[in-house]
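Protein chains in written order, with UniProt numbering: chain E, 1 to 222; chain B, 1 to 352.
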């Protein structure tokens, strides 16, 4: 009978993460990756599943010398596997197997699920500066993971274009513009209790809103 | 601190000569400030100028720095292809990959590489000269970082962390308000024999456009500039906030309040004399910055001026700043120190 996992650790790392997270001294207080995992195990009675989803840009421009994260996991003595992150079924079976091992053998597992970042890194990024538009298009269309999964679902007869059209027309697709939260919520949750300085600032802000309503968007309820 | 860091290790200035470099600029509304005393410092009035925005001015300054000092090099996140804000465009092509190169996305490593030891700005760069009795220094280090609100940055891409760095003896903190200022201040920072943290207002990278002389010029550090003269109240600020403050000054003028506006430019060591002289003239002071009010740099200015000008002050020193919450996304317009908040404070101070 598999035991219940008392702690499940998820970590999603980006293309930045792969270059810094699995290197010595990455934690605060600084400790090696292995020490961190052992710490987690100590705290949670050795039932730690460590799943690392990797997001990587697979271009020739990538400056990384090593072979991704999976080799670093092995170097730290963590059983590791790399899967195609664009293959939903592969990711599913890998995670299923990983959780079985973590529960029964009580050891951490590292799953490196590789995918491709289609969008720009940020609103200031011009990613065509370091990769071709053709490459982006290829990964967006020909290697699209959602389409791949859809084809498998359709081939099994569980879905079809007709079913999709029918569902879309049935559901009330009227997009309701989600209302913005009220101004009071700007001051809550900074701490568990709202301190006096924030209460004072809320008063001053409301005074300012009262005097100059044109400065503030009406989308935020007062 | 989120965002990209670009670090340069620059040696001493060997010689300077003017260069003409092609600079691209995008159209944006001009932010024009009142007559600037800095024009005298730039040199002859017939200097070649071209209209450019902040990132182009910074790009030009970097080209000049690299050209005038063969020991200079630039490294950091994505500088090789021009940087995510375009500030390092053309540098790798012109000066080669040995002098302009990318580093991994690891700020710890970038700064450590820059000062020769794997440690941070506070513990290593700032203390280098002091703890070695001036035997060694890392004065050649200039760290450029974008900062400040940008309209949609949210928690992690809108921060103004200047106050943290102002609390570190041993480094200088410099913040330009416009492209012309940025070029001159950046060249000064690079050539200053102390480590400098140079904050560039993200908001202004494209939006701020002005005529920038094409030759090599510098503005002195630790000298504040009076960019608008007045008699009734002194306002002190830096970076992008100054244009908001100037709008408030213009409106206050219509109500008969004459405002003197000062750009601090260097936050540490800051120019107390200029601010003090102005407050002795006006008797009132208002400080405004985007960063949150508690523990912000305005507090230091306020405390110092009270020490020096207590009997001269006609009213308490006002601070109009960001609120004491993490920088919000949806609530950004409510969080920021707006023109009207400043205007209300000007009026309250004058009528005290």
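For each residue, glycine too, the CB sits at the ideal point set by N, CA and C.
Asked	Found
When B:146, B:161 and B:291 are compared against residue 204 of chain B, the one with the closest alpha-carbon	B:146
Three-pair Cβ contact test at 8 Å for the region 142 to 160 of chain B versus the region 286 to 293 of chain B	yes
Chain B contact residues for residue 183 of chain E, given Cβ-Cβ distances below 8 Å	331 and 334
Contacts around residue 180 of chain B, its chain only, beta-carbon distance under 6 Å, and the 5 residues preceding and following it disregarded	210 and 212
Nonlocal neighbours in the same chain, by C-beta distance under 7 Å from residue 336 of chain B, ignoring five residues either side	149, 290 and 322
Contact list for residue 197 of chain E against chain B, beta-carbon separation under 7 Å	294 and 324
Chain B contact for residue 192 of chain E (CB, 8 Å cutoff)	no
C-beta contact flag for residue 327 of chain B and residue 155 of chain B at 8 Å	yes
Residue 355 of chain B at chain E interface by Cβ criterion, 8 Å	With chain B running from 1 to 352 in the structure shown, residue 355 of chain B is simply not present.
Contact list for residue 129 of chain E against chain B, beta-carbon separation under 8 Å	81 and 82
Chain-ordered neighbours of residue 208 of chain E on chain B, where CB pairs are closer than 9 Å	334, 338, 340, 341 and 344
Reduced DSSP category for residue 267 of chain B - H, G, I as helix; E, B as strand; rest coil	strand
Chain E within 8 Å of residue 269 of chain B, Cβ atoms only	no
Beta-carbon contacts of residue 281 of chain B that lie in its chain and below 8 Å, excluding the five residues immediately before and after	231, 234 and 260
Residue burial classification, residue 141 of chain E (beta-carbon count within 10 angstroms, cutoff 16)	exposed
For residue 156 of chain E and residue 163 of chain E, the rounded distance between their alpha carbons	14 Å
Beta-ladder partner(s) of residue 77 of chain E, from DSSP	Paired residue(s): none; residue 77 of chain E is not in a bridge.
With 16 other Cβ atoms within 10 Å as the buried cut-off, status of residue 222 of chain E	exposed
As assigned by DSSP and simplified to three states, the class of residue 141 of chain B	strand
Test item: CB-CB of residue 71 of chain E and residue 94 of chain E under 8 Å	no
Alpha-carbon spacing of residue 117 of chain B relative to residue 124 of chain B, whole angstroms	Residue confidence is low: residue 117 of chain B scores 33 on pLDDT, short of 50, so the model does not pin down where it sits. Its coordinate-derived value is still stated next. Residue 117 of chain B and residue 124 of chain B: Cα-Cα distance of roughly 8 Å.
is_contact[residue 328 of chain B, chain E] using C-beta, thresh 8 Å	yes
Proximity test, Cβ basis, 8 Å: residue 141 of chain E and chain B	no
Coil, strand or helix - residue 124 of chain B by DSSP	helix
CB of residue 91 of chain B within 8 Å of CB of residue 64 of chain B, strictly	no
Collapsed DSSP secondary structure at residue 297 of chain B in the structure displayed	helix
DSSP bridge partner residues for residue 234 of chain B (one or two, in chain order)	B:260 and B:285
Partners in chain B for residue 149 of chain E, counting only beta-carbon separations shorter than 8 Å	Per Cβ cutoff of 8 Å: no residues; residue 149 of chain E is ~31 Å from chain B at best.
With 16 other Cβ atoms within 10 Å as the buried cut-off, status of residue 167 of chain E	exposed
Integer Cβ distance of residue 194 of chain B from residue 171 of chain B, believed to fall under 8 Å	7 Å
Continuous alpha helix (DSSP H) assignments of at least 4 residues falling wholly in the region 104 to 148 of chain E	133 to 141
Start-to-end residues for the beta strand (DSSP E) that takes in residue 53 of chain B	49 to 53
Residue 101 of chain B versus residue 77 of chain B: straight-line alpha-carbon distance, rounded	9 Å
Beta carbon of residue 186 of chain B nearer than 8 Å to that of residue 199 of chain B	no
Contact with chain B by residue 217 of chain E, beta-carbon distance below 8 Å	yes
Limits of the beta strand (DSSP E) - the one that residue 102 of chain B falls within	100 to 102
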